[in-house]
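J.:
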Amino acid sequence: MPVKNKVIFNFLEELAPKHLAEDWDNVGLQIGSPSNEVKKVLLTLDVNEDVVREAEENDIQLIISHHPVLMKGIKNINTDTVQGRLISRLIKNNITVYAAHTNLDSADGGVNSVLAEKLGLKDVEVLYVTGNQKYVKLVVFVPDGYQDAVREALSKSGAGWIGNYSDCTFQTPGVGTFLPREGTNPFIGKQGRVERVEEVRLETIVPVEKLSSVIKAMVSAHPYEEVAYDVYPLNNQGPAYGLGRIGVLPREVSFTEFVQQLKEVLNLKAVKAGGPWDKRVKTVAVCGGSAAELWPQALAKGADVYVSGDIKYHTAQDMVAANLSFVDAGHYGSEVPVIEKIYNYLTACCAEKNIAVDFIISKKQKDPFTYL
469 MPVKNKVIFN FLEELAPKHL AEDWDNVGLQ IGSPSNEVKK VLLTLDVNED VVREAEENDI
529 QLIISHHPVL MKGIKNINTD TVQGRLISRL IKNNITVYAA HTNLDSADGG VNSVLAEKLG
589 LKDVEVLYVT GNQKYVKLVV FVPDGYQDAV REALSKSGAG WIGNYSDCTF QTPGVGTFLP
649 REGTNPFIGK QGRVERVEEV RLETIVPVEK LSSVIKAMVS AHPYEEVAYD VYPLNNQGPA
709 YGLGRIGVLP REVSFTEFVQ QLKEVLNLKA VKAGGPWDKR VKTVAVCGGS AAELWPQALA
769 KGADVYVSGD IKYHTAQDMV AANLSFVDAG HYGSEVPVIE KIYNYLTACC AEKNIAVDFI
829 ISKKQKDPFT YL
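Positions in the sequence shown are counted from 1; adding 468 to them yields my numbering.
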């Protein structure tokens with residue numbers, strides 16, 4: 469059955485909600501239409517001419533990238549420029565482009581979670597907190613006997629999670645009254661007569677970004693023609709989100725051994741490393757991409773080593789002076805592992821919904837640097 473791009477977008481935004489993106493970033497749809505049908509999706513860190521050619525040769529309808537094609541406002545599409553040619557080719561071939569950037573960096577299961585997982589870190593926390601999950605309370609009134617069906621719909625759509633506990637609701641019995649007017653088709657009762665019905669007040673907690681889909685699922689499962697429900701703002705402090713991760717290794721190792729392990733798990737031929745080489749490493753902070761500026765947070769939280777990319781000379785000098793060991797795994801090397809994560813996640817989402825879409829990891833994406 470044909471599926472539209474927006475279905476794939478929705479799956480991806482469940483993994484990496486757009487509200488997690490930094491204010492300066494440009495995430496989401498870059499080129500194309502959410503309404504276009506898609507059968508084949510290309511997953512890549514970057515969108516460049518090699519990747520676009522690969523998409524053309526493989527009859528790709530959608531490219532999902534980590535780095536946005538459009539980061540700053542453009543005033544024209546000049547096809548004599550590299551960017552202009554790229555945009556023109558994508559539009560001519562009806563290829564949609566969607567980017568998940570800093571929202572994927574911060575997401576649980578995103579770039580930095582994958583890095584921490586690759587290194588086998590335990591007791592993982594956010595390195596640099598940028599916010600906390602916001603919740604609302606959803607209250608709905610259900611005729612007695614139908615509360616389980618509505619509760620299940622709420623839970624399956626993402627409501628009712630408190631920590632690692634799912635399906636969290638509270639139910640209170642009561643009596644509901646209503647008077648069906650002309651033009652109604654009441655599930656219970658008759659037009660023109662006040663009805664008294666045994667009902668259950670069903671309440672649960674909902675992440676703000678999932679409220680719309682939760683309400684849609686609730687209304688679909690509810691037997692009433694008109695569903696009575698309330699939404700209340702909450703001040704509950706939800707889980708933290710943000711950039712980077714910090715955790716502990718299963719066992720303490722030497723800095724030299726840690727660097728070797730890092731190269732192996734990230735499949736890197738070479739890295740840049742510095743700081744005290746005689747240090748023992750137990751607590752590790754990571755932030756994929758270009759995030760050298762977060763090293764003071766890593767130091768403040770007790771990291772023995774900080775792993776990132778694009779570490780500049782003077783920043784490296786500062787870390788050496790602060791007695792913090794560090795590894796520059798490269799921008800590409802520290803982020804590309806997330807592409808396999810996206811592949812596995814989206815493949816599973818489509819299989820669960822019986823959606824026939826093929827996902828392909830780009831063979832043309834590559835590190836712009838060659839290590840000799």
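Cβ coordinates follow ideal geometry from the N, Cα and C atoms, glycine included.
Roughly how many angstroms separate the alpha carbons of aspartate 576 and serine 802, rounded to a whole number?
T.: Within the sequence shown, residue 576 is the residue found at index 108, counting from 1. Within the sequence shown, residue 802 is the residue found at index 334, counting from 1. Distance between the alpha carbons of aspartate 576 and serine 802: 16 Å.
J.: Looking only at its own chain, which residues have a Cβ that is under 7 Å from the Cβ of valine 604, when we skip the five neighbours before and after it?
T.: Reading the sequence shown from its first residue, position 136 is the one you call residue 604. Correct list, in chain order: Val674, Val676, Leu679, Val699, Tyr700, Pro701 and Leu702.
J.: Among Leu730, Tyr839 and Asn526, whose alpha-carbon lies nearest the alpha-carbon of phenylalanine 794?
T.: Locating residue 794 in the sequence shown gives position 326, where the first residue counts as 1. Ranking Leu730, Tyr839 and Asn526 by Cα distance to phenylalanine 794 puts Leu730 first.
J.: From this set, Asn571, Glu666, Val749 and Val607, which residue's C-alpha is nearest leucine 717's C-alpha?
T.: Start at 1 with the first residue of the sequence shown, and residue 717 comes out as number 249. The residue with the shortest Cα to Cα distance from leucine 717 is Val749.
J.: What did DSSP end up calling cysteine 818 once you bin it into helix, strand or coil?
T.: Sequence index remark: in the sequence shown, residue 818 carries index 350 (1-based). Cysteine 818 falls in the helix class under three-state DSSP.
J.: Kindly indicate the opening and closing residues of the beta strand (DSSP E) around asparagine 600.
T.: Stepping through the sequence shown from its first residue, residue 600 is reached at position 132. Note, asparagine 600: beta strand (DSSP E), 590-600.
J.: Whose C-beta lies closer than 7 Å to the C-beta of glycine 642 among residues of the same chain, with five residues either side of it excluded?
T.: Mapped onto the sequence shown, residue 642 falls at position 174. Taken in chain order, the residues that qualify are Glu667 and Arg669.
J.: Hey, does histidine 534 have any beta-carbon neighbour from chain B nearer than 8 Å?
T.: The structure shown contains no chain B; it holds only a single protein chain.
J.: State the DSSP-derived secondary structure class of serine 634, mapped to helix, strand or coil.
T.: Along the sequence shown, read from residue 1 onward, the residue named residue 634 stands at position 166. If DSSP states are grouped into helix, strand and coil, serine 634 belongs with coil.
J.: Could you give the DSSP three-state label for alanine 567: helix, strand or coil?
T.: Along the sequence shown, read from residue 1 onward, the residue named residue 567 stands at position 99. Note: alanine 567 maps to strand in three-state DSSP.
J.: Take tyrosine 839 and list the residues in its own chain whose beta-carbon comes closer than 7 Å to its own, dropping the five residues that flank it on each side.
T.: Stepping through the sequence shown from its first residue, residue 839 is reached at position 371. Excluding sequence neighbours, tyrosine 839 sits near Lys737 and Ala738.
J.: Serine 533 and valine 565: beta carbons closer than 8 Å?
T.: Translated into positions along the sequence shown, residue 533 becomes position 65. Translated into positions along the sequence shown, residue 565 becomes position 97. For serine 533 and valine 565, yes; Cβs fall inside 8 Å.
J.: Could you check whether the segment 707-714 touches the segment 651-663, counting it as contact only if at least three pairs of C-beta atoms, one from each stretch, sit closer than 8 Å?
T.: No contact exists between the segment 707-714 and the segment 651-663.
J.: Rounded to the nearest angstrom, what separates asparagine 799 and glycine 777 at their Cα positions?
T.: What you label residue 799 is simply residue 331 of the sequence shown in a count that begins at 1. What you label residue 777 is simply residue 309 of the sequence shown in a count that begins at 1. The sequence given here has histidine at residue 799, not asparagine. The alpha-carbon atoms of histidine 799 and glycine 777 are separated by roughly 5 Å.
J.: Report all residues from its chain with a CB closer than 6 Å to the CB of threonine 614; omit the five preceding and five following residues, and keep chain order.
T.: Reading the sequence shown from its first residue, position 146 is the one you call residue 614. Note on identity: in this sequence residue 614 is tyrosine, with threonine being the wrong assignment. If we look at tyrosine 614 and ignore the five residues flanking it on each side, its Cβ neighbours are Pro691.
J.: Determine the contact status of isoleucine 829 and leucine 513, defining contact as a CB-CB distance below 8 Å.
T.: As a working note, residue 829 is residue 361 in the sequence shown. As a working note, residue 513 is residue 45 in the sequence shown. Not closer than 8 Å, so no.
J.: Which residues bound the alpha helix (DSSP H) around threonine 783?
T.: Residue numbering aside, residue 783 sits at position 315 when the sequence shown is read from its first letter. Run containing threonine 783: 781-789, per the alpha helix (DSSP H) assignment.
J.: Count Cβ pairs between the segment 518-525 and the segment 547-564 that sit closer than 8 Å; are there 3 or more?
T.: Short answer: they touch.
J.: Do you know whose CA, among Ala627, Phe646, Gly631 and Thr645, lies nearest threonine 637's CA?
T.: Counting from 1 along the sequence shown, the entry for residue 637 is found at position 169. Threonine 637 has its Cα closest to that of Ala627, out of Ala627, Phe646, Gly631 and Thr645.
J.: Once the 5 residues before and after valine 610 are set aside, which same chain residues still bring their CB inside 7 Å of it?
T.: Numbered from its first residue, the sequence shown carries residue 610 at position 142. Excluding positions up to five away in sequence, the list reads Val618, Glu667, Val668, Leu670 and His690.
J.: Can you name, in chain order, every residue of its own chain whose Cβ lies under 6 Å from the Cβ of glutamine 765, other than the five neighbours on each side?
T.: The residue you call residue 765 lines up with position 297 of the sequence shown. So the list reads Leu595 and Tyr596, once near-sequence residues are dropped.
J.: Taking C-alpha atoms, which residue in Gly756, Glu490, Asn812 and Lys543 lies nearest to aspartate 796?
T.: In the sequence shown, the residue the question calls residue 796 occupies position 328. For the residues Gly756, Glu490, Asn812 and Lys543, the minimum Cα distance to aspartate 796 belongs to Gly756.
J.: With C-beta atoms as the reference, is valine 754 less than 8 Å away from valine 775?
T.: Position 286 of the sequence shown, counted from the start, is the residue given in the question as residue 754. Position 307 of the sequence shown, counted from the start, is the residue given in the question as residue 775. Yes, these two residues count as a Cβ contact at 8 Å.
J.: Measure the alpha-carbon distance for glutamine 785 versus tyrosine 813 and round it to whole angstroms.
T.: Position 317 of the sequence shown, counted from the start, is the residue given in the question as residue 785. Position 345 of the sequence shown, counted from the start, is the residue given in the question as residue 813. Cα to Cα, glutamine 785 sits roughly 39 Å from tyrosine 813.
J.: In chain order, what residues of the same chain have a beta carbon less than 7 Å from the beta carbon of aspartate 527, not counting five sequence neighbours either side?
T.: For the purposes of this step, residue 527 is taken as residue 59 along the sequence shown, with counting starting at 1. Cβ neighbours of aspartate 527 beyond the five flanking positions: Lys508.
J.: Please state whether DSSP places glutamine 639 in a helix, a strand or coil.
T.: Stepping through the sequence shown from its first residue, residue 639 is reached at position 171. Three-state DSSP puts glutamine 639 in a strand.
J.: Go to glutamine 498, then tell me how far its beta strand (DSSP E) extends in each direction, as first and last residue.
T.: Position 30 of the sequence shown holds residue 498. Per DSSP, glutamine 498 belongs to the beta strand (DSSP E) from 496-499.
J.: Assign aspartate 612 to buried or exposed, taking buried as 16 or more other Cβ atoms, counted over all protein chains shown, within 10 Å of its Cβ.
T.: Reading the sequence shown from its first residue, position 144 is the one you call residue 612. Looking at its Cβ environment, which holds fewer than 16 other Cβ atoms inside 10 Å, aspartate 612 is exposed.
J.: Pull up the CB-CB distance for valine 515 and isoleucine 531, whole angstroms please, since I reckon it's below 8 Å.
T.: As a working mapping, residue 515 is identified with position 47 in the sequence shown. As a working mapping, residue 531 is identified with position 63 in the sequence shown. Confirmed, about 6 Å.
J.: What is the DSSP secondary structure of aspartate 698, counted as helix, strand or coil?
T.: Stepping through the sequence shown from its first residue, residue 698 is reached at position 230. Note: aspartate 698 maps to strand in three-state DSSP.
J.: For threonine 751, which of helix, strand or coil comes out of DSSP?
T.: Working through the sequence shown from its first residue, we reach residue 751 at position 283. Note: threonine 751 maps to strand in three-state DSSP.
J.: Between aspartate 573 and glycine 715, which are expected to be in contact by the criterion C-beta below 8 Å, what is the C-beta distance as a whole number of angstroms?
T.: On the sequence shown, residue 573 is found 105 positions in, with the first residue counted as 1. On the sequence shown, residue 715 is found 247 positions in, with the first residue counted as 1. Rounded, the Cβ-Cβ distance is 16 Å, inconsistent with contact.
J.: Applying the 10 Å Cβ sphere with the 16-neighbour rule, what's the burial state of threonine 672?
T.: Within the sequence shown, residue 672 is the residue found at index 204, counting from 1. The residue is buried, with at least 16 neighbouring Cβ atoms inside 10 Å.
J.: Buried or exposed: asparagine 561, going by 16 or more other Cβ atoms within 10 Å of its Cβ?
T.: The count along the sequence shown starts at 1 and reaches residue 561 at position 93. Under this definition asparagine 561 is an exposed residue.
J.: From what residue to what residue does the beta strand (DSSP E) around proline 764 run?
T.: Within the sequence shown, the letter at position 296 stands for residue 764. Note, proline 764: premise wrong, no beta strand (DSSP E); alpha helix (DSSP H) at 763-768.
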